[in-house]
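See structure below.
See below:
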């Protein structure tokens with residue numbers, strides 16, 4: 024391996040993960056909402072499939088619950104607030120409850136991440152030299 028390659032790998036794979044986040048408050052308690060990693064997204068997708076074979080389909084409510092498990096943190100820590108055992112309880116809530124509130128916050132973080140990435144990519148494409 025070349026020194027240049029090692030430097031590139033250290034600057035990317037060796038660097039801390041970059042995750043967009045925002046603070047929200049529900050019932051007087053603060054929560055940190057983070058964009059899910061690619062691994063989290065795969066886990067959300069896998070946990071959301073119901074049925075087998077040709078009858079398999081995605082359960083959007085399960086997907087939402089698993090997205091919250093992957094995205095809602097105790098502020099300033101790596102501790103997730105929810106776990107798989109909470110899925111049934113989350114599924115019984117409404118869009119007006121904390122599930123809907125956090126789902127909107129996750130959507131905002133992901134939308135901001137997507138818009139920010141597109142803007143950065145656009146700027147770097149304009150400044151790159153051939």
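In the numbering used here, the protein residues as written are 24 to 153.
Just so it is clear, CB atoms sit at the ideal spot from N, CA and C, and this is done for glycine as well.
Cross-strand partners of residue i (DSSP beta bridge)
{"i": "residue 48", "result": "53"}
{"i": "residue 80", "result": "73"}
{"i": "residue 103", "result": "96"}
Nearest-angstrom beta carbon gap, residue j and residue i [assumed within contact, 8 Å]
{"i": "residue 41", "j": "residue 94", "result": "15 Å between Cβ atoms; not a contact."}
Nearest-angstrom Cα separation, counted from residue j out to residue i
{"i": "residue 77", "j": "residue 69", "result": "15 Å"}
{"i": "residue 43", "j": "residue 62", "result": "15 Å"}
{"i": "residue 52", "j": "residue 96", "result": "12 Å"}
{"i": "residue 118", "j": "residue 89", "result": "15 Å"}
{"i": "residue 32", "j": "residue 24", "result": "11 Å"}
Counted within 10 angstroms of its Cβ, other Cβ atoms place residue i as buried (16 or more) or exposed
{"i": "residue 34", "result": "exposed"}
{"i": "residue 75", "result": "exposed"}
{"i": "residue 113", "result": "buried"}
{"i": "residue 72", "result": "exposed"}
{"i": "residue 65", "result": "exposed"}
| said: Contact between the region 101-109 and the region 76-84 is defined here as three or more beta-carbon pairs at a separation below 8 Å; is this criterion met? | reply: no
| request: Determine, using beta-carbon pairs with one atom in the region 111-126 and one in the region 47-63, whether at least three such pairs fall under 8 Å. | output: yes
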